[in-house]
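Top line first, the protein sequences correspond to chains A and B.
For what it's worth, the numbering used here labels the leading residue of the first sequence as 47, then goes sequentially.
For what it's worth, the numbering used here labels the leading residue of the second sequence as 171, then goes sequentially.
Below: the structure, in structure tokens.
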Amino acid sequence: NAGVMQNPRHLVRRRGQEARLRCSPMKGHSHVYWYRQLPEEGLKFMVYLQKENIIDESGMPKERFSAEFPKEGPSILRIQQVVRGDSAAYFCASSELAKNIQYFGAGTRLSVL
Amino acid sequence: ILNVEQSPQSLHVQEGDSTNFTCSFPSSNFYALHWYRWETAKSPEALFVMTLNGDEKKKGRISATLNTKEGYSYLYIKGSQPEDSATYLCASLSGGSNYKLTFGKGTLLTVNP
């Protein structure tokens, strides 16, 4: 059973470009969470999704950031018009149920030039 | 305590030493406490999920205790080995959420051979 897969592992974007980060949850998991780690900070919750639904996006910046988890395919975290402050490591986790243990991917490190 | 705090920030020990570190978390509306082990460039690996006051969990040479009344958890490693070198993260579920993990910044453990 493959773990949580994130790609790309590293992403470089210039200011103003779009960044798309992908996350494939573990098989059988229908709950996906995105976390962000800014430099010198701990992991911070961004958004919680179930298939086709955003359950809680309270940790996500209101502008330029969006997330989806379609019926088929991976969850996508999309950042439009990236700025230098978006440079961070973005981690995805999945679980079988909301209250269960969350299994993490290895993260996508976004660098904005 | 409003945030999850971990101490020490980093720790160097010799192979064979036993060590422990602390996680402090909000005790109000507590739901669960998670410990993760995180090696550089890999996924955070779940070690323990603890929910009950007085809980003790063990996995090989690693064990953890939980005090929900005062809001702290200890992680112990007995007879440290170089392969134990990693960042140990704790994360709490509290404040009425059973899915939004609040992470500490971690304790970086280095075990010298």
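Cβ coordinates follow ideal geometry from the N, Cα and C atoms, glycine included.
CA-to-CA distance, residue j to residue i, given in whole angstroms
i                      : j                      : result
residue 121 of chain A : residue 89 of chain A  : 19 Å
residue 196 of chain B : residue 92 of chain A  : 20 Å
residue 223 of chain B : residue 110 of chain A : 42 Å
residue 242 of chain B : residue 200 of chain B : 11 Å
residue 114 of chain A : residue 95 of chain A  : 7 Å
residue 130 of chain A : residue 64 of chain A  : 12 Å
residue 185 of chain B : residue 213 of chain B : 24 Å
residue 149 of chain A : residue 61 of chain A  : 31 Å
residue 119 of chain A : residue 77 of chain A  : 13 Å
residue 54 of chain A  : residue 211 of chain B : 13 Å
residue 280 of chain B : residue 246 of chain B : 14 Å
residue 233 of chain B : residue 126 of chain A : 43 Å
residue 207 of chain B : residue 87 of chain A  : 17 Å
residue 203 of chain B : residue 262 of chain B : 4 Å
residue 238 of chain B : residue 230 of chain B : 24 Å
residue 147 of chain A : residue 268 of chain B : 10 Å
residue 217 of chain B : residue 205 of chain B : 5 Å
residue 250 of chain B : residue 152 of chain A : 25 Å
residue 248 of chain B : residue 180 of chain B : 17 Å
residue 158 of chain A : residue 123 of chain A : 16 Å
residue 257 of chain B : residue 194 of chain B : 16 Å
Limits of the beta strand (DSSP E) - the one that residue i falls within
i                      : result
residue 245 of chain B : 242–247
residue 204 of chain B : 202–208
residue 262 of chain B : 256–263
residue 81 of chain A  : 77–83
residue 143 of chain A : Segment: none, residue 143 of chain A is in no beta strand (DSSP E) and carries neither H nor E.
residue 176 of chain B : 175–177
residue 189 of chain B : 189–194
residue 48 of chain A  : Where residue 48 of chain A is concerned, there is no enclosing beta strand (DSSP E), given that its DSSP letter is neither H nor E.
residue 113 of chain A : 111–114
residue 217 of chain B : 215–220
Interface residues of chain B facing residue i [CB-CB closer than 8 Å]
i                      : result
residue 147 of chain A : 204, 216, 219
residue 50 of chain A  : 213
residue 94 of chain A  : 269, 270
Per-residue contacts from residue i into chain A (C-beta, under 9 Å)
i                      : result
residue 223 of chain B : Here the premise fails: no neighbours, minimum Cβ distance about 18 Å.
residue 211 of chain B : 55, 152, 153
Partners in chain B for residue i, counting only beta-carbon separations shorter than 9 Å
i                      : result
residue 79 of chain A  : 269, 270, 271
residue 144 of chain A : 268, 269
residue 102 of chain A : 267, 269, 270
Amino acids of chain A, ordered along the chain, whose beta-carbon sits closer than 8 Å to that of residue i
i                      : result
residue 248 of chain B : Residues of chain A passing the Cβ test: none, with the nearest at roughly 23 Å.
Identity of the residues DSSP links to residue i by a beta bridge
i                      : result
residue 237 of chain B : B:242
residue 272 of chain B : B:262
residue 121 of chain A : A:69
residue 227 of chain B : B:234
residue 158 of chain A : A:59
residue 282 of chain B : B:184
residue 102 of chain A : A:94
residue 134 of chain A : A:156
Contacts of residue i in chain A (Cβ-Cβ under 7 Å)
i                      : result
residue 274 of chain B : 88
Beta-carbon neighbours of residue i, restricted to chain B and to distances below 7 Å
i                      : result
residue 113 of chain A : None at all; the shortest Cβ gap to chain B is about 15 Å.
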